[in-house]
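Protein chains in written order, with UniProt numbering: chain H, 1 to 197; chain E, 1 to 197.
There are 2 protein chains.
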Amino acid sequence: MKGQIDFWFSLGSTYTYLSVMRCSEICSRNDVSTRWRPFQLKTILDELGGLPFKEGSPKTAYMWHDLARKSSKLGLKPILPAPYPNPQAHLANRMARIGLDFGWGEDFIQAYYRKWFETKHGGMEEPDLIGCLEVVGQDANSIMEMAKSPETVARLDAETDEARALGIFGVPTFVVGKELFWGNDRLEDAIDYCKMR
Amino acid sequence: MKGQIDFWFSLGSTYTYLSVMRCSEICSRNDVSTRWRPFQLKTILDELGGLPFKEGSPKTAYMWHDLARKSSKLGLKPILPAPYPNPQAHLANRMARIGLDFGWGEDFIQAYYRKWFETKHGGMEEPDLIGCLEVVGQDANSIMEMAKSPETVARLDAETDEARALGIFGVPTFVVGKELFWGNDRLEDAIDYCKMR
C-alpha cells in the first residue's frame, strides 16, 4: 500500500453519494488504503452557521443538477432532487460506524444511498434505515439498540471532535496526515498526495 | 473554434486568481474561445446571505491553504493569506469591464491579482487600482472617471442581473450555453462540455 486516506463523511451529505460509490474502487486501483470515518457533520455545521443547501436557493439548484451530471458520468441513475435534509442522518451515521467495525459498513452505506437517491420515497426515516440493515443481512432490532446506546453516541461524538480538530467543515473530506481535500472532486488530488508523500 | 465559454467572475473573489492566471492559455490550447464577464457578485451574495469566507472560520483557513497548494502547482507564488474582503472590488470590476471593451482588460485583471496576491500591502484601495491602470499603460484619471460614471455602473448592474438569471451564486463560474460549472476546478469540465456539444 502506498498510503492511507481517511474518508470523512456524514450520511446527511448529498455529494457523499458520489464518493461512497467510487472511493473504494479508485483507491484500491491506486494501491491506497482507506478508512471510512462517519461523524456528525450537522453538529459542526450548526456551530458554523447551518446547512450549506437552503431550500430554493440557486446553490441548491446547482447542487442537484451537478450531482445528476456527475452521477451520469459514473453510470449511476439517481432520482433527483432527493428528499433533503435527512432527519435521521445522526442515527444512520451511528449504524454506519457499527457496520464499519463489524465488516458490513460499506455495504450498508451503499444500500442507504441507493435507498435515499435511487428510489422514490418521502424521506429517510427509521423504517428506511431498518430496511437498509436488512438488505445487508443484519438483525435490525439489535443494531438499532446498539446505535442508540450511550457508547455509540459517545463514539460518534468523539469522531466529530476529531473532525473539528482537523478543521473539517464539510464533506466528503479526504485527509492524508493533516492535509485536507474537501469535496468529491478532490479525491484524485488526495490519492496523488498520498502517493508522493 | 470549438465553442465559447463565458467566464463569470468578480475581482473580490480569491479563487478567481487561479482562473485568471490559467483560463486563456488552457482555453486557447483547447481551441475554445472565452468571454470574460466581470459582475458585482457581492450584490448576489448579500441577497443570499453574505460572503462565503468568514474571518477565523475553518472554511476560510482551508481556502487559503488550498489556494496556496493550487497556486504552487501552477508555478504561482502568492503571499497568503492576502487582505480579505476586498473593499474596492465593485470599482475594480467596472475598470475590468472597461478594459475588456478596449482590449487591455485581461492585462489589467492579471496586474490587479498580482498586486493583491503577490505583493505585501494593507488592502486593495483606490491608489492600488490606479497603480494597476498605470501598469497596463492607461490614463488612470480618465478610466477612474469612466468607472464611476452612471453608464458603467448600469452596465455592471445589467451583467449582475444576467448572472443572477443564469443561477450564478459564486465564482469563478464557467457557463456554456445554460450549463454552469462552478469553481476553478471545473474549468476542464466546462471545456470538455464545450467540445462535445
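All C-beta atoms in this analysis are idealised placements derived from N, C-alpha and C, irrespective of residue type, glycine included.
All values reported here derive from a predicted model rather than from experimental measurement.
Hey, is H:Gly167's beta-carbon within less than 8 Å of any beta-carbon in chain E?
yes
Would DSSP call E:Phe169 helix, strand or coil?
coil
Applying the criterion that 16 or more other CB atoms from any shown protein chain within 10 Å of the CB defines a buried residue, is E:Phe102 buried or exposed?
Under a 10 Å Cβ-count criterion, E:Phe102 is classified as exposed, with fewer than 16 other Cβ atoms of the shown protein chains found around its own Cβ.
Hey, quick one: how far does the alpha helix (DSSP H) through E:Thr119 stretch, first residue to last?
Note, E:Thr119: premise wrong, no alpha helix (DSSP H); not H, not E.
For the region 58-74 of chain H, which residues have a CB atom closer than 8 Å to at least one CB atom of chain E, in sequence order?
Pro58, Lys59, Ala61, Tyr62, His65, Asp66
What three-state label does DSSP hand E:Phe9 in the structure shown?
strand
Going by DSSP, what residue range makes up the alpha helix (DSSP H) through E:Leu180?
No alpha helix (DSSP H) holds E:Leu180; the beta strand (DSSP E) holding it covers 179-182.
Where does E:Arg35 fall in DSSP's three states?
Note: E:Arg35 maps to strand in three-state DSSP.
Taking the alpha-carbon of H:Arg37 as reference, which of H:Thr160, H:Arg186, H:Ala190 has the nearest alpha-carbon?
H:Thr160
What residue range does the alpha helix (DSSP H) around E:Val135 cover?
Start and end: 126-135.
Can you name the start and end residues of the alpha helix (DSSP H) that H:Thr43 belongs to?
41-48
Per DSSP, which residues does E:Val175 bridge with? Please list them.
E:Asp6, E:Leu180
Could you work out which residue in E:Arg94, E:Glu25, E:Met1, E:Gly49 is closest to E:Pro150 when comparing CA atoms only?
The option with the nearest alpha carbon to E:Pro150 is E:Arg94.
I'd like to know whether the C-beta of H:Asp185 is nearer than 8 Å to at least one C-beta of chain E.
yes
Can you tell me whether E:Lys77 is buried or exposed, with buried defined as 16 or more other CB within 10 angstroms of its CB?
exposed
Keeping to the same chain, check which residues put their C-beta closer than 6 Å to that of E:Met124; ignore five residues upstream and five downstream.
Same-chain partners within the cutoff: Asn86, Gln88, Trp116.
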